[in-house]
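Its first residue numbered -14, the sequence shown is counted upward by one per residue in our numbering. Every residue gets a Cβ at the ideal spot worked out from N, C-alpha and C, and that includes glycine. Written out below as structure tokens is the structure these notes cover.
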Amino acid sequence: MNLFRALLNPSGGILYHIKGFLYSQNLWLNFNKNLEKLLFAWRKFESPSGGVILIGSSGGYCLSPEWLVQYKEVVIVDPDPVAHKIFKEKYKPTDTNIISSDVKEVFVENGRPCDRSLQAVLSAYPEHDIVFCNIIGQLKFLYPDIRESLWVSFFRDLVESLKPRGFFSFHDRYSSSMRPDVEGYFKNYSTNRLTPEDFVRELYQTSASAITGSIIPRTAEVIDHCTAHFFSEYQAYFLSWQIVPKFYHCVEVVYEPGNKEA
Ligand SMILES: C[S@@+](CC[C@H](N)C(=O)[O-])C[C@H]1O[C@@H](n2cnc3c(N)ncnc32)[C@H](O)[C@@H]1O
-14 MNLFRALLNP SGGILYHIKG FLYSQNLWLN FNKNLEKLLF AWRKFESPSG GVILIGSSGG
46 YCLSPEWLVQ YKEVVIVDPD PVAHKIFKEK YKPTDTNIIS SDVKEVFVEN GRPCDRSLQA
106 VLSAYPEHDI VFCNIIGQLK FLYPDIRESL WVSFFRDLVE SLKPRGFFSF HDRYSSSMRP
166 DVEGYFKNYS TNRLTPEDFV RELYQTSASA ITGSIIPRTA EVIDHCTAHF FSEYQAYFLS
226 WQIVPKFYHC VEVVYEPGNK EA
């Protein structure tokens, strides 16, 4: 990704930093707190240890500092140079060592899904945990020419290869001007039980009156980020993220403990 695109890319860049500065300490707090609970459910240490790789770290606006400083080393992977600066400034006062990975972007090579650069980062840090930080739900918009079926098989293979190490991902499933019905705490749906269509209905329609306090049907568009089939064997948690005052993301969280817990 060239510098211009990195700074203006639809999943991050300058516009995302502006949103982060404006909203991460207010509008995003609820989402960040719920995400933090899941991060701690995945990895909690007695004292700072080990390292973690953050794919699509941006400025770390959604990531819990309390969770992150459990690691002695954090490796950030992001094509946006401003993200690296902001992230490092944020963690300067802590003992956690923040490293910019030599690899700046992963997932695509020659216009097709490819895990070569991701595997290079994993080999460079063989013991580190890995977190996909709200990047997987952006792939459809970053790489509109890649068919969904190619992504589905790419993630099926990637998940298999990451199982021993473990991983954590939070990523968009849907977004809309309607608030998804997961507010307050997270719900745990079995994604196998509901088809994506039923799931959208359940998220956005059944409790419309409870959310809006009216019986006016909610008809706004729901944007599908096409991630429904990437982690379908996993128990998924869903969080509502009010990214700007009138727009919400329905974020899916999945994690795999890996062998470390054994
Ligand atoms: C929605 S933001 C992530 C949010 C962030 N984790 C937070 O805590 O606020 C997505 C990030 O992924 C980065 N990105 C875009 N394409 C990427 C790629 N191919 N590999 C790694 N990161 C990428 C963007 O530059 C952007 O900073």
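Relative to the alpha-carbon of K240, which residue among F215, D130, N11 has its alpha-carbon at the smallest distance? As a working mapping, residue 240 is identified with position 255 in the sequence shown. In the sequence as presented, Lys is not what sits at residue 240; that position holds Tyr. The shortest CA-to-CA distance from Y240 to any of F215, D130, N11 is the one to F215.
With a 10 Å radius around its C-beta and 16 neighbouring C-beta atoms as the bar for buried, classify L7 as buried or exposed. Within the sequence shown, numbered from 1, the residue matching residue 7 stands at position 22. Counting Cβ neighbours within 10 Å, L7 comes out exposed, since fewer than 16 surround it.
Below 8 Å, can you find three or more Cβ-Cβ pairs linking the stretch 26 to 42 to the stretch 56 to 68? Short answer: they touch.
Can you name, in chain order, every residue of its own chain whose Cβ lies under 6 Å from the Cβ of H113, other than the five neighbours on each side? Here residue 113 is taken as the residue at index 128 of the sequence shown, counted from 1. Taken in chain order, the residues that qualify are G36, V37, I38.
F139 (DSSP reduced to helix, strand or coil): Walking along the sequence shown from the start, residue 139 turns up at place 154. The answer is helix: DSSP assigns F139 an H, G or I state.
Given 6 Å as the limit, tell me if V48 has its C-beta closer than that to any heavy atom belonging to ligand 1. Along the sequence shown, one-based indexing puts residue 48 at 63. Before going further, note that residue 48 is Leu rather than Val in the sequence given. Yes.
Quick one: does the C-beta of G45 sit closer than 6 Å to a heavy atom of ligand 1? By 1-based counting over the sequence shown, the position of residue 45 is 60. Yes, the beta carbon of G45 sits closer than 6 Å to at least one heavy atom of ligand 1.
Starting from I71, trace the alpha helix (DSSP H) both ways and give me its first and last residue. For the purposes of this step, residue 71 is taken as the residue at position 86 of the sequence shown. Taken as a continuous stretch (DSSP letters only), the alpha helix (DSSP H) holding I71 covers 66 to 76.
What's the call for S134, buried or exposed, on a 16-neighbour Cβ count within 10 Å? Reading the sequence shown from its first residue, position 149 is the one you call residue 134. S134 should be labelled exposed.
In this structure, does DSSP put A205 in helix, strand or coil? Walking along the sequence shown from the start, residue 205 turns up at place 220. Of the three classes helix, strand and coil, the one that applies to A205 here is coil, per DSSP.
Closer than 7 Å by C-beta to K73: which residues in its own chain qualify, once you throw out the five before and the five after it? Chain order, please. Translated into positions along the sequence shown, residue 73 becomes position 88. I83.
Of the residues V144, Y222, P129, which one's Cα is nearest the Cα of R158? As a position in the sequence shown, residue 158 is number 173, starting the count at 1. Of the candidates V144, Y222, P129, the one whose C-alpha sits nearest the C-alpha of R158 is Y222.
Could you check what DSSP says for H156 in three-state terms: helix, strand or coil? Residue 156 sits at position 171 when you count from the first residue of the sequence shown. Looking at H156 - three-state DSSP - the assignment turns out to be strand.
Taking the straight line between their C-alpha atoms, what separation do you get for D209 and L124? Here residue 209 refers to the residue found at position 224 of the sequence shown. Here residue 124 refers to the residue found at position 139 of the sequence shown. A straight line joining the alpha-carbon of D209 with that of L124 spans about 12 Å.
Have a look at A213, S160, D130 and flag the residue whose alpha-carbon is nearest the alpha-carbon of R141. For this step, residue 141 is matched to residue 156 along the sequence shown. Looking at the Cα atoms, A213 is the closest of the given residues.
Where do the ends of the alpha helix (DSSP H) carrying G41 lie? As a working note, residue 41 is residue 56 in the sequence shown. Element bounds for G41: n/a, residue is neither H nor E.
Assigned exposure category for F30 - 16 Cβ within 10 Å defines buried: As a first step, residue 30 must be located in the sequence shown, where it is residue number 45. So F30 counts as exposed.
Suppose the cutoff is 8 Å on Cβ atoms and the five residues either side in sequence are ignored; what does the same chain contact list for D100 look like? What you label residue 100 is simply residue 115 of the sequence shown in a count that begins at 1. Same-chain partners within the cutoff: V91, F92, F139, D142, L143, S146.
If we require 4 or more residues per run, which alpha helix (DSSP H) segments fall completely within the stretch 11 to 37? 14 to 27
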